[in-house]
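Participant: Which chain is which? The protein sequence lines are C and D, in order.
Using our numbering, the letters of the first sequence correspond one by one to residues 131 to 362.
Using our numbering, the letters of the second sequence correspond one by one to residues 131 to 362.
Protein chains: 2
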Amino acid sequence: AICAALLGEPAERPLQGMKVLISAGPTREPLDPVRYLTNRSSGKMGYALAEAARDMGASVILVSGPTQLPPPAQVDLVRVETAAEMYEAVIARAEASDIYIGAAAVADYTPAETQSEKIKKRGDTATLVLRKTRDILAEVAALEKRPFTVGFAAETVDLEAYALDKLARKNLDMIAANWVGQAEGGFDSDRNALEVFWKGGREALAMTGKKRLADRLTALIAERLQAGVVVR
Amino acid sequence: AICAALLGEPAERPLQGMKVLISAGPTREPLDPVRYLTNRSSGKMGYALAEAARDMGASVILVSGPTQLPPPAQVDLVRVETAAEMYEAVIARAEASDIYIGAAAVADYTPAETQSEKIKKRGDTATLVLRKTRDILAEVAALEKRPFTVGFAAETVDLEAYALDKLARKNLDMIAANWVGQAEGGFDSDRNALEVFWKGGREALAMTGKKRLADRLTALIAERLQAGVVVR
C-alpha cells in the first residue's frame with residue numbers, strides 16, 4: 131500500500147492512501163477536580179499538520195488534548211484530556227498507521243495521586259509528588275510494526291543538541307525542533323520556524339505561518355518516507 | 131457618591147456612578163517556560179458579571195487571567211497571568227472601587243521556584259515544592275477603605291459550611307457558592323446555579339444561563355449594598 135501510494139500518485143497528493151496519526155495540543159493532569167498541571171500549547175501546529183496531511187491525500191486521525199480550535203474537516207478527531215488517555219488513544223491506533231506525528235505537548239509528569247474532592251488550603255508550603263508519564267513517542271517508535279515516527283522538540287537552550295539526542299535515544303525517523311520563549315514563534319503564536327533533523331540529514335524551515343510550515347514539514351515527511359522505502 | 135448613585139437613579143441602573151472591580155478567569159503559575167499549574171475556569175461568570183454591572187450603570191474594571199473570551203465592550207480590561215500579577219492589579223485598584231467581586235479562580239499555591247529554562251526529565255518521580263499565594267479577597271476585605279467585597283466558593287462537598295466559613299473568616303460582605311464536578315454547571319459550562327450568603331441572609335439563584343445569573347447576582351449585590359448604606 132505504501133509503494134502504490136508513493137509511486138502511483140501525482141506529487142501534489144504524495145500521501146494518497148496513507149494513514150496518518152497525529153497527536154496535538156496540551157494534556158491536563160488533575161491534582162483534584164479544580165486544579166491541574168499542564169503545558170503551554172495551542173494545538174495550532176498539530177491541527178495544521180492534520181489539514182496538510184489530509185490535503186496531501188492521507189486519511190488522518192487527530193488525537194487532541196483540550197484546545198480552542200475548530201475540528202478540521204474530514205479528519206477523525208479523538209478528544210482526550212490526560213497524558214494517560216493520550217497514550218491509550220495513540221498506542222491503540224499506531225500500528226495501523228503509516229505515519230505518526232507526535233505534535234502534542236504531553237505532560238511528562240503527573241500528580242502521583244489525584245484527589246476526588248477539592249484539596250483545602252493548609253500550610254504556607256505544600257509538596258506535590260509527581261510521577262513520570264509514559265513516553266508515547268518512544269513507545270510508538272519501539273512497536274514491532276512501527277509507523278514512520280516524527281517527534282517535536284521545544285527547547286529554550288541547546289536546541290540542536292537536545293533534538294539530535296532525542297532523535298537517537300527514542301529511535302525516531304525525524305524530529306522537528308523549535309525555540310520557545312523567543313520573541314517570535316511557539317506556543318500561542320500563529321507563526322513558527324523549525325529545524326528538522328533525521329539520520330544523516332537536516333533542513334531548516336524558515337519562520338512563517340503555521341499553516342505553510344505544516345505544509346512544508348508534511349512534504350518533507352513524505353519525501354523522507356519515500357527515500358526510506360526505496361532504501362529498505 | 132454612593133448615596134447619590136443609589137438614591138438618584140431608576141431601578142434599572144442601580145449601579146449608576148459606581149466603580150466596580152471584578153477579577154475573572156484562571157491564573158497560570160509557571161514551573162518553567164513550558165509547564166504551569168492552573169485551575170479550571172473559563173472566565174465566563176466574571177465576564178458576564180462585568181457586562182451586568184456595566185448595564186446597571188457602573189464603571190467597570192475587569193482584571194482577567196488568560197481566557198478565550200472577547201473583551202466586553204465599555205469595560206476596562208486588565209490582563210494578567212499569575213496569581214501575583216492578579217494580586218497587584220486588584221490591590222492597586224481596590225480602594226478606589228465601591229464594589230469588588232472576586233470571581234477569578236486564583237491559584238492558591240504556586241511553585242516555590244520558577245526555572246528560566248525548560249526542566250529536563252530526570253527520575254521516575256519528582257517533587258514540586260509549592261508556596262501559598264496571597265489571599266486577594268481577604269486582603270481587599272481588610273483594607274482600611276474597603277469596597278463592598280463579594281467572594282465566590284466552588285466546592286465539591288459541604289458547600290454551605292465552607293461558604294459560611296469563608297464569609298466569616300475573610301470578613302466578606304457576600305459570598306456566592308456553587309457546586310463543581312456536578313452533572314450541570316460550573317467551569318466551562320454556560321450555565322450555573324448559586325447559593326448566595328451574607329451576614330444574616332441568603333438567597334438561592336436557580337440554575338440558568340451565566341448571563342442571566344450574573345444579572346441576578348449583580349442586582350442582589352446592589353440591593354445588599356443599598357441596605358448596608360442605609361444601616362451604616
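Think of the CB as a built atom: it goes at the ideal place given N, C-alpha and C, for glycine as much as any other residue.
(1) Taking only beta carbons into account, state which residues of the region 273-288 of chain C come closer than 7 Å to chain D, listed in chain order.
(2) Using a C-beta to C-beta distance shorter than 7 Å, which residues of chain C count as neighbours of residue 259 of chain D?
(3) Taking only three categories from DSSP, how would you classify residue 176 of chain D?
(4) Give the secondary structure of residue 261 of chain D by DSSP, where H, G and I count as helix, E and B as strand, and everything else as coil.
(5) Restricting to runs no shorter than 4 residues, where is the alpha helix (DSSP H) found entirely within the region 192-249 of chain D?
(6) Going along chain D in order, which residues have a C-beta closer than 8 Å to the C-beta of residue 262 of chain C?
(7) What span of residues does the beta strand (DSSP E) with residue 167 of chain C cover, start to end?
(8) Which of helix, strand or coil does DSSP assign to residue 158 of chain D?
(9) Taking Cβ positions, are residue 188 of chain C and residue 213 of chain C nearer each other than 8 Å?
(10) Could you give the first and the last residue of the continuous beta strand (DSSP E) run that contains residue 283 of chain D?
(11) Closer than 9 Å by beta-carbon distance: list the chain C residues that pair up with residue 167 of chain D, in chain order.
(12) Residue 352 of chain C by DSSP, collapsed to three states: which one?
(13) Please list, in chain order, the chain C residues whose beta carbon lies closer than 7 Å to that of residue 310 of chain D.
(14) Please decide whether residue 242 of chain C counts as near chain D, where near means a Cβ-Cβ distance under 8 Å.
(15) Please tell me whether residue 217 of chain C has its Cβ less than 8 Å away from any Cβ of chain D.
(16) Counting only beta-carbon separations shorter than 8 Å, does residue 239 of chain D have a partner in chain C?
(17) Taking the alpha-carbon positions, what's the residue 299 of chain D to residue 293 of chain C distance?
(18) Is the Cβ of residue 198 of chain C closer than 8 Å to any Cβ of chain D?
(19) Grab the span of the alpha helix (DSSP H) containing residue 273 of chain C for me, first residue to last.
(20) Short check: CB of residue 166 of chain D to CB of residue 168 of chain C, under 8 Å?
(21) With 16 other CB atoms within 10 Å as the buried threshold, where does residue 253 of chain D fall?
(22) In terms of DSSP beta bridges, what is residue 331 of chain D paired with?
(23) Mind checking who residue 190 of chain C pairs with in its DSSP beta bridge?
(24) Check for me: the beta strand (DSSP E) holding residue 308 of chain D runs from which residue to which?
(25) Since residue 299 of chain D is in the alpha helix (DSSP H), which residue starts that stretch and which ends it?
(26) Label residue 335 of chain C either buried or exposed according to how many other C-beta atoms from any shown protein chain fall within 10 Å of its C-beta, with 16 as the threshold for buried.
(27) Since residue 223 of chain D and residue 151 of chain D are thought to touch, with beta carbons under 8 Å apart, how far apart are those beta carbons, to the nearest angstrom?
(28) Under three-state DSSP, which class holds residue 346 of chain D?
(29) Is residue 155 of chain C near residue 196 of chain C, with beta carbons less than 8 Å apart?
(30) Using a Cβ-Cβ cut-off of 6 Å (strictly less than) and excluding sequence neighbours within five positions of residue 160 of chain D, which residues of its own chain qualify?
(31) Quick one: is residue 353 of chain C buried, meaning 16 or more other Cβ sit within 10 Å of its Cβ, or exposed?
(32) Is it buried or exposed for residue 275 of chain D, if we count other Cβ within 10 angstroms and need 16 for buried?
Facilitator: If we stick to the structure as given:
(1) Residues passing the 7 Å Cβ filter: 284, 285, 286 and 287.
(2) Looking up residue 259 of chain D in the second sequence gives position 129. Within chain C, the residues near residue 259 of chain D are 255 and 257.
(3) As a first step, residue 176 of chain D is located in the second sequence; it is residue number 46 there, counting from the start. DSSP places residue 176 of chain D within a helical segment (H, G or I) once states are collapsed to three.
(4) Along the second sequence, one-based indexing puts residue 261 of chain D at 131. Reduced to three states, the DSSP call for residue 261 of chain D is strand.
(5) Correct list: 213-224.
(6) Reading the first sequence from its first residue, position 132 is the one you call residue 262 of chain C. Annotation: Cβ neighbours of residue 262 of chain C in chain D (cutoff 8 Å, chain order): 251, 253, 254, 255 and 256.
(7) Within the first sequence, the letter at position 37 stands for residue 167 of chain C. First-last of the beta strand (DSSP E) with residue 167 of chain C: 165-169.
(8) Position 28 of the second sequence, counting from 1, holds the residue named residue 158 of chain D. Residue 158 of chain D: strand per DSSP, three-state reduction.
(9) As a first step, residue 188 of chain C is located in the first sequence; it is residue number 58 there, counting from the start. As a first step, residue 213 of chain C is located in the first sequence; it is residue number 83 there, counting from the start. The answer is no: Cβ separation not under 8 Å.
(10) Walking along the second sequence from the start, residue 283 of chain D turns up at place 153. Unbroken beta strand (DSSP E) run through residue 283 of chain D: 278-285.
(11) For this step, residue 167 of chain D is matched to residue 37 along the second sequence. Neighbours of residue 167 of chain D on chain C, chain order: 161, 165, 166, 167, 168 and 258.
(12) One-based indexing of the first sequence puts residue 352 of chain C at position 222. If DSSP states are grouped into helix, strand and coil, residue 352 of chain C belongs with the helices.
(13) Within the second sequence, residue 310 of chain D is the residue found at index 180, counting from 1. Those are 163 and 164, listed as they occur along chain C.
(14) Here the question's residue 242 of chain C lines up with position 112 in the first sequence. Yes, contact with chain D.
(15) Here the question's residue 217 of chain C lines up with position 87 in the first sequence. Answer no: the Cβ-Cβ gap between residue 217 of chain C and chain D never drops below 8 Å.
(16) Taking the second sequence and counting its residues from 1, one reaches residue 239 of chain D at position 109. By the rule that beta-carbons nearer than 8 Å mark a contact, residue 239 of chain D touches chain C.
(17) The residue labelled residue 299 of chain D in the question sits at position 169 within the second sequence. The residue labelled residue 293 of chain C in the question sits at position 163 within the first sequence. Between residue 299 of chain D and residue 293 of chain C, the C-alpha separation is close to 52 Å.
(18) Here residue 198 of chain C refers to the residue found at position 68 when the first sequence is read from its first residue. At a cut-off of 8 Å between C-beta atoms, residue 198 of chain C counts as an interface residue with respect to chain D.
(19) The residue labelled residue 273 of chain C in the question sits at position 143 within the first sequence. It is not in any alpha helix (DSSP H) - residue 273 of chain C carries neither H nor E in the DSSP assignment.
(20) Counted from its first residue, the second sequence places residue 166 of chain D at position 36. Counted from its first residue, the first sequence places residue 168 of chain C at position 38. Yes; because the gap between Cβ atoms is below 8 Å, this pair is in contact.
(21) Here the question's residue 253 of chain D lines up with position 123 in the second sequence. Residue 253 of chain D sits exposed, since fewer than 16 C-beta atoms from the chains shown fall within 10 Å of its C-beta.
(22) Along the second sequence, one-based indexing puts residue 331 of chain D at 201. In the DSSP output, where bridge partners are listed per residue, residue 331 of chain D has D/328.
(23) Residue mapping note: residue 190 of chain C aligns to position 60 of the first sequence, counting from 1. Note: residue 190 of chain C sits in a beta bridge opposite C/150.
(24) Looking up residue 308 of chain D in the second sequence gives position 178. For residue 308 of chain D, the enclosing beta strand (DSSP E) starts and ends at 304-309.
(25) Walking along the second sequence from the start, residue 299 of chain D turns up at place 169. Taken as a continuous stretch (DSSP letters only), the alpha helix (DSSP H) holding residue 299 of chain D covers 289-299.
(26) What you label residue 335 of chain C is simply residue 205 of the first sequence in a count that begins at 1. That one is buried.
(27) Against the second sequence, residue 223 of chain D aligns to sequence position 93. Against the second sequence, residue 151 of chain D aligns to sequence position 21. Right, their Cβ atoms sit about 5 Å apart.
(28) Residue numbering aside, residue 346 of chain D sits at position 216 when the second sequence is read from its first letter. If DSSP states are grouped into helix, strand and coil, residue 346 of chain D belongs with the helices.
(29) Here residue 155 of chain C refers to the residue found at position 25 of the first sequence. Here residue 196 of chain C refers to the residue found at position 66 of the first sequence. In contact: residue 155 of chain C and residue 196 of chain C (Cβ atoms closer than 8 Å).
(30) Here residue 160 of chain D refers to the residue found at position 30 when the second sequence is read from its first residue. Taking residue 160 of chain D as the centre and dropping the five residues before and after it, the same chain places the C-beta of 166 and 244 closer than 6 Å to its C-beta, in chain order.
(31) For the purposes of this step, residue 353 of chain C is taken as the residue at position 223 of the first sequence. By the Cβ neighbour-count rule, residue 353 of chain C is exposed, with fewer than 16 other Cβ atoms within 10 Å of its own.
(32) Locating residue 275 of chain D in the second sequence gives position 145, where the first residue counts as 1. The residue is exposed, with fewer than 16 neighbouring Cβ atoms inside 10 Å.
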